[in-house]
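In the numbering used here, the protein residues as written are 495 to 804.
See the structure below:
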């Protein structure tokens with residue numbers, strides 16, 4: 495028996511755009527955030543506070559935060575990699591939640607954050623403490639939970655251990671990220687269940703890339719295994735500058751279509767998401783990966799359309 499509702503976390507303003515070479519204006523980033531809110535998104539990863547030389551698309555993080563709509567019902571999330579990033583995010587006065595990142599392997603952690611995997615766990619714990627001291631909440635994502643672009647297989651025990659150590663710092667949730675899209679439903683079912691048990695009562699969030707076409711299957715399996723929040727990106731944009739082959743988040747439109755048709759409430763408007771897909775494709779000047787953005791939602795019978803018009 496499946497849950498009747500699932501929380502969606504919109505990541506297009508950050509993870510969706512960070513790997514795009516074409517600069518996106520502050521105005522368009524804010525419009526994307528506003529459109530996501532209009533579609534029903536209530537948790538949004540709006541930007542990241544990282545070295546602008548490493549991720550030029552996020553160089554305007556403070557300016558984006560300054561333009562955020564004032565909404566008491568929306569949680570704005572800023573991704574940070576270290577204490578300095580956390581302090582920058584807190585200083586904006588507009589970020590509600592810090593998102594920390596720990597990496598499952600040393601090689602990827604060094605490429606991503608210039609530290610070991612254990613060092614990234616400690617950095618995450620520090621970020622969570624800084625957020626709590628500032629009166630904010632924090633969550634942590636374990637990157638490359640299902641496989642590393644440099645070291646290959648990642649032992650489930652390693653990810654479970656990291657989750658347990660980070661959970662001691664008091665985040666609101668632990669997320670498992672399939673950074674390079676190598677996960678499969680069997681692996682997802684096993685790891686989500688183990689991490690959920692290890693960090694209980696903290697909820698588990700999942701972040702999947704559709705690089706190899708398994709994204710939606712992994713989302714469904716993760717929900718079955720007990721994940722309560724799904725990351726997704728409008729249009730299916732996304733990627734990591736430090737992980738070769740990390741292309742394409744699961745598309746918000748595709749996830750919402752699948753879940754809503756299965757009777758699982760997401761709180762999002764598929765129609766408005768599809769309209770945003772069309773707008774975003776124009777902004778990016780290219781076709782976006784999302785399938786439902788191209789095909790549309792479930793077809794309306796002709797006679798019903800006629801009755802509606804009449």
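C-beta: ideal position from N, C-alpha, C; glycine also.
Look at residue 747 here: in three-state DSSP terms it is helix. In the three-state reduction of the DSSP assignment, residue 502 falls in the strand class, which pools E and B. Residue 625 and residue 592 do touch by the CB rule: their CB atoms are close to 4 Å apart, below 8 Å.
Looking from the CA of residue 695, the closest CA among 674, 657 and 731 belongs to 657. For the set 600, 630 and 604, the Cα lying nearest the Cα of residue 589 is the one of 630. Sixteen is the threshold: since fewer than 16 other Cβ atoms of the shown chains lie within 10 Å of the Cβ of residue 794, the residue is exposed.
Here residue 779 is exposed. Its C-beta has fewer than 16 other C-beta atoms within 10 Å.
In the three-state scheme derived from DSSP, where H, G and I count as helix and E and B as strand, residue 681 is classed as helix.
In the structure shown, residue 597 adopts extended strand secondary structure according to DSSP, grouped into three states. Per the coordinates, the alpha-carbon of residue 650 lies some 8 Å from the alpha-carbon of residue 639. Judged by DSSP in its simplified three-state form, residue 781 adopts coil rather than helix or strand.
With contact defined as three or more Cβ pairs closer than 8 Å, the segment 762-771 and the segment 540-556 are not in contact. Spatial neighbours of residue 559 in its own chain (CB-CB distance under 6 Å, excluding positions within 5 residues in sequence) are listed in chain order as 586 and 588. DSSP links residue 636 through a beta bridge to 596 and 670. A contact between stretches requires three or more CB pairs, one per stretch, nearer than 8 Å, and the segment 661-668 meets this requirement with the segment 610-625. Taking one beta carbon from each stretch, the segment 520-529 and the segment 752-765 have fewer than 3 pairs nearer than 8 Å; the two do not touch. Within a 10 Å sphere around the beta-carbon of residue 776 sit fewer than 16 other beta-carbons, which makes this residue exposed. The straight-line gap separating the alpha-carbon atoms of residue 509 and residue 701 is approximately 11 Å. CA-to-CA, the gap between residue 748 and residue 555 works out to about 28 Å. If you ignore the 5 residues before and after residue 679, its C-beta comes within less than 8 Å of the C-beta of 708, 711, 712, 714 and 715, all in its own chain and listed in chain order. Note on geometry: alpha-carbon atoms of residue 598 and residue 727 lie some 23 Å from one another.
For residue 649, there is no enclosing alpha helix (DSSP H), as DSSP marks it with neither H nor E.
Per DSSP, residue 611 is one residue of the alpha helix (DSSP H) stretching across 611-627.
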